[in-house]
Amino acid sequence: MWDSLIVSINDTHKLGLEDCLAVFGHVPITKAVKHVRLTEIDTQTSTFTLKFLHTETGQNIEKIIYFIDNDTGNDTRTATGIKQIFNRMFRIAAEKRKLSPIQIDTVEYPCTLVDLLILVGVALPPLCYLYRPALHAVFFLVPNPLGSTLKKWLDSDRVLQIIIVAEFLTHALETLIFVVPRLKYYRVPGEFVPEWLLLGLLEGYGPARRLDTKARTLGEGSVN
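Each residue of the sequence shown is one higher than the one before, counting from 1 in full-length UniProt numbering.
Written out as structure tokens, the structure is:
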């Protein structure tokens, strides 16, 4: 009766099923737990069955989980009602694991004017350090006497080195505080993490903002 719904959930909500297994099935999610999938929905007993492979034992294990109390009035006799219950359980389980109910599996590169201006600002000190005429060209557009005073102060290898190091340390700290926790929260796959971290070192907070924006565009990850 629920075959098409089961196929749909298995295709689009692998992480949600994993969350349910951990929170409602009380199964610790380790690297040994693989291929979590929904195999049965039983509205008579208000349960559903998850099956997974445990690589340490080599066994396929089934876990029967009760639907949470249906105090929202969802009709478990209909696909729509079942979907709403699953959506609620996915959200609750993700929240209890301190994870997002959705996954970001892409890298969002800087594309807004603000992002590009930040990159230009980050690139200027190293460029001026390696090619001093670039510094003179920048301050050619700045009115005197402010421009002259600032150029004189910046026209020093030591000052530029301090600025470059300060930039790197600041962005590294922003990456650690803002980007790294979001990479975990949004379950970014390992193959994308190095690029996100590199962008964090280049931009600072920018990648964290783009992760949040991407999550909003993806919505809540509901069962359709």
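The beta carbon of each residue, even a glycine, is placed where N, CA and C say it ideally should be.
Just tell me which of the options has its CA closest to the CA of residue i.
{"i": "T55", "options": "H35, W153, E195", "result": "H35"}
{"i": "G58", "options": "E40, K31, T78", "result": "K31"}
{"i": "F86", "options": "H26, V27, N10", "result": "N10"}
{"i": "V33", "options": "T43, I41, A22, D42", "result": "A22"}
{"i": "L5", "options": "V27, H26, R37, P110", "result": "R37"}
{"i": "D212", "options": "L201, P189, F178", "result": "F178"}
{"i": "L183", "options": "E167, V138, A215", "result": "A215"}
{"i": "I100", "options": "M1, P28, R187, Q161", "result": "Checking the sequence shown, residue 100 turns out to be Ser, not Ile. The residue with the shortest Cα to Cα distance from S100 is R187."}
{"i": "I164", "options": "G206, M1, C128", "result": "C128"}
{"i": "residue 236", "options": "L124, I64, L119", "result": "What the structure shows of the chain is the stretch from 1 to 224, and residue 236 is not part of that stretch, so it cannot be assessed."}
{"i": "D115", "options": "Y205, M89, L173", "result": "Y205"}
{"i": "R158", "options": "P125, V193, F90, M89", "result": "P125"}
{"i": "F168", "options": "E203, F139, E191", "result": "E203"}
{"i": "T7", "options": "L173, L50, H136", "result": "Rather than Thr, the amino acid found at residue 7 in this sequence is Val. The shortest Cα separation from V7 among L173, L50, H136 belongs to L50."}
{"i": "K18", "options": "W2, Q44, F52", "result": "Sequence inspection shows Glu at residue 18; the Lys mentioned does not correspond to that position. Of the listed residues, the one whose Cα sits closest to E18 is F52."}
{"i": "R88", "options": "F139, P181, F24", "result": "F24"}
{"i": "residue 256", "options": "A79, T76, I162, A93", "result": "Because the chain is modelled from 1 through 224, residue 256 falls outside the range shown and cannot be assessed."}
{"i": "T45", "options": "F67, R91, Y131", "result": "F67"}
{"i": "L197", "options": "V107, N60, H13, F140", "result": "V107"}
{"i": "A79", "options": "R91, M1, L113", "result": "M1"}
{"i": "F139", "options": "R97, E62, K151, Y131", "result": "K151"}
{"i": "Y185", "options": "L201, A172, I82, A208", "result": "A208"}
{"i": "V122", "options": "L113, L201, E191", "result": "L201"}
When DSSP labels each residue in this structure, what does residue i get in the three-state scheme?
{"i": "Y129", "result": "helix"}
{"i": "D42", "result": "strand"}
{"i": "L21", "result": "helix"}
{"i": "L116", "result": "helix"}
{"i": "V27", "result": "coil"}
{"i": "F140", "result": "coil"}
{"i": "V122", "result": "helix"}
{"i": "T76", "result": "coil"}
{"i": "L99", "result": "coil"}
{"i": "A32", "result": "coil"}
{"i": "I104", "result": "coil"}
{"i": "G221", "result": "Summary for G221: the model assigns pLDDT 49, below 50, so the residue's position carries little reliability, and this model does not support an answer."}
First and last residue of the beta strand (DSSP E) that includes residue i?
{"i": "D3", "result": "Careful: D3 lies outside any beta strand (DSSP E), inside the alpha helix (DSSP H) at 3-12."}
{"i": "E203", "result": "No beta strand (DSSP E) holds E203; the alpha helix (DSSP H) holding it covers 193-203."}
{"i": "E108", "result": "Neither: E108 is in no beta strand (DSSP E) and is coded neither H nor E."}
Kindly identify the DSSP beta-bridge partner or partners of residue i.
{"i": "R37", "result": "K51"}
Between which two residues does the alpha helix (DSSP H) harbouring residue i extend?
{"i": "K184", "result": "180-185"}
{"i": "K63", "result": "Here K63 belongs to no alpha helix (DSSP H); instead the beta strand (DSSP E) covers 59-66."}
{"i": "T213", "result": "206-218"}
{"i": "T170", "result": "157-174"}
{"i": "A79", "result": "79-96"}
When you measure from the CB of residue i to every non-hydrogen atom of the ligand SAM, does any distance come out below 6 Å?
{"i": "F168", "result": "The ligand SAM is not among the ligands present in this structure, which contains no ligands whatsoever."}
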